[in-house]
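Undergrad: The sequence shown maps to residues 1 to 366 in UniProt numbering. We put the beta carbon where it would ideally sit given N, CA and C, even for glycine. Note that the structure is predicted; figures quoted are calculated from it, not measured. My questions will all concern the structure given below.
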Amino acid sequence: MPYADRGTGLTNAVEQILGSRRDALLEVKEAVWRFDDLTRGVSTVEFLPMPMKLNRVAKWRESALQRGEDWAFVEMDGGTRVLAIDEPSPRGLAEPIAAVMFPAVHSRLVSWWLFHAWRSVDLLTDTLLSVEGWRLYSAAVSSRSLIEHTGCLLYEAKKFAAAWAAAKTVDSDAKARAQTVYRELAPVLNQAGFGSRMKSANEAFKATNVQTYVDKLAKDTGNHRFLDWYDWLSDAAHPALGARLAFASDALVHEHGAVLQRYHARSPMHLRGNGVVQDFEHPIFQKPVDALIACGTIIENLLESSLEIVDDFGLTTQAATYTRRSYWRNFVSVETSAACPCGREPGERCEHRWGKPAPEIRVLAG
């Protein structure tokens, strides 16, 4: 007959069901600790120049001069619109198009990466704690969100990688570089930063449907179990069959098929009889665990490779040298054999230069 594992201790029961997957969960924990250590005390600022019509700018320029403010201005769209940014550095005043374009885009890339890092740490931590504490309803909800988030990170990281790769190949004059950066990256940043699923959202900034993220995650990683996990976990995240199976045993059917019965308990259950112990399947435990391990592996890889892109952008464009603002990862390139500020190679070996290949997003199978 079924027994609930109350006497042996919940922790022991959970570890027994996990089996060999305990090592994989430990690797996920270590990745979480590493990104938490990297980002826990971080704060930053992002800034975005807003397009203005030309007739609004003349008085503004005059008043800025009267107040002793420094601004960099750039005409866009054949002179019909203007982009402007305050607090340019002396170099930024001398090169206004770079001052307007590069620091703003870099600051937004940094905040984009931090969003994904912080959200990854939270969702991975919550799912780990829920799994280890046998909190299956919470595990289902957080692991479902984790799949969506992993798909979103992969989807957006690939778009940023492609946009920066296209922009970095422009090895011509400074104006062409800045214009290409704005043309390639601004639309991706705007969609990622302002996209919303709320009914009141602007049609131009509708967020990508989460099912698209999940479908592309399964396709790009070659792991179609994501679709099965997401289907189960969506059902368990709602008051539907999946949720009602969380603390239920497997269905036990009379040998003639006349009666079906299920046992319900808050603790893990197993069958014991004739000296044999058999665990129940517990699908609303198994699927969050498997999804957690797969997502944790992919997220670790994506955060590492996308941070390479953020740093490569900043060091190639020398974004931090065009502004007096201070923000996270505002590195300045070095020309010597000293370690590159990105921390990956000596400065002379890193390819943070126009015309060089951009870092790629490496997609691992989950």
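Using beta-carbon positions only, say whether D215 and L227 come within less than 9 Å of one another.
TA: yes
Undergrad: Counting only the same chain and skipping the five closest in sequence on each side, list residues whose C-beta sits under 7 Å from that of T321.
TA: S89, R91, V332
Undergrad: What is the residue span of the alpha helix (DSSP H) that A104 lies within?
TA: 96–132
Undergrad: Measuring CA to CA, which of I361, R362, P341 is closest to H352?
TA: P341
Undergrad: Express the C-alpha separation of M50 and E69 in angstroms, rounding to a whole number.
TA: 18 Å
Undergrad: Going by C-alpha to C-alpha distance, which of F285, A178, K159 sits closest to Q318?
TA: A178
Undergrad: Give me the Cβ distance between S142 and S130, rounded to the nearest whole Å; I'm assuming they're in contact under 8 Å.
TA: The C-beta separation of S142 from S130 comes to about 6 Å, placing the pair in contact by the 8 Å criterion.
Undergrad: Measuring only the C-alpha atoms, how far is V100 from T316?
TA: Going by the C-alpha atoms only, they are around 16 Å apart.
Undergrad: Can you tell me which of E304, H282, N274 puts its alpha carbon nearest to the alpha carbon of R135?
TA: H282
Undergrad: Identify the residues that DSSP records as bridge partners of A84: which are they?
TA: DSSP lists F73 as the bridge partner or partners of A84.
Undergrad: Hey, P268 and D279: beta-carbon distance below 9 Å or not?
TA: yes
Undergrad: Just to confirm, is the Cβ distance from F35 to A161 under 9 Å?
TA: A distance of 9 Å or more separates the beta carbons of F35 and A161.
Undergrad: Indicate whether A365 and G151 have their beta-carbon atoms separated by less than 9 Å.
TA: no
Undergrad: With the cut-off set at 9 Å, would you say S192 and K159 are in Cβ contact?
TA: Checking the displayed sequence, the identity of residue 192 turns out to be Ala instead of Ser. Yes. Within cutoff.
Undergrad: Determine, using beta carbons only, whether R225 and D290 come nearer to each other than 9 Å.
TA: Cβ distance < 9 Å, so R225 and D290 count as in contact.
Undergrad: Note the first and the last residue of the continuous alpha helix (DSSP H) segment covering C152.
TA: 136–168
Undergrad: What alpha helix (DSSP H) runs, 4 residues minimum, are completely inside the stretch 183–247?
TA: 210–221, 225–237, 241–244
Undergrad: With 16 other CB atoms within 10 Å as the buried threshold, where does L185 fall?
TA: In the assembly as shown, L185 is a buried residue. Its beta-carbon has 16 or more other beta-carbons within 10 Å.
Undergrad: Give the single residue among L54, H149, M76 whose Cα lies nearest to the Cα of L303.
TA: H149
Undergrad: Quick check: the stretch 55–73 against the stretch 35–45, are at least 3 beta-carbon pairs closer than 8 Å?
TA: no
Undergrad: So the alpha helix (DSSP H) D250 belongs to, where does it begin and stop?
TA: First-last for D250: undefined, no H or E at that position.
Undergrad: So V28 and L292 are in contact, right, with Cβ under 8 Å, and what is the actual spacing, rounded?
TA: 6 Å
Undergrad: What residue does the alpha helix (DSSP H) around F313 start on, and which one ends it?
TA: 283–317
Undergrad: Enumerate in chain order the residues of its own chain whose CB-to-CB distance from V57 is below 8 Å, with the five nearest sequence positions on each side excluded.
TA: F73, V82, A84
Undergrad: For G19 and R262, I'd like the C-alpha separation in whole angstroms.
TA: 25 Å
Undergrad: Report, in whole angstroms, the separation of the C-beta atoms of L114 and L146, which I expect to be a contact under 8 Å.
TA: Contact doesn't hold; Cβ gap of about 18 Å is too wide.
Undergrad: Could you please give the first and the last residue of the uninterrupted alpha helix (DSSP H) stretch that includes D37?
TA: Segment 21–39, the alpha helix (DSSP H) holding D37.
Undergrad: Can you tell me which of the three DSSP states R272 falls into?
TA: strand
Undergrad: How should L154 be labelled, buried or exposed, when 16 other C-beta atoms within 10 angstroms of its C-beta is the threshold for buried?
TA: buried
Undergrad: Alpha carbon to alpha carbon, how far is W354 from K175?
TA: Between W354 and K175, the C-alpha separation is close to 13 Å.
Undergrad: Less than 8 Å between the CB atoms is what I'm expecting for W112 and I309, so what's the real figure, rounded?
TA: The pair is not a contact, with the Cβ atoms about 10 Å apart (cut-off 8 Å).
Undergrad: Just the Cα atoms here: how many angstroms apart are R208 and F47?
TA: Arg is not the amino acid found at residue 208; the sequence shown has Thr there. Cα to Cα, the separation comes out at about 24 Å.
Undergrad: Compare the Cα-Cα distances from Q286 to each of W229, N55, R324, G257 and report the closest residue.
TA: W229
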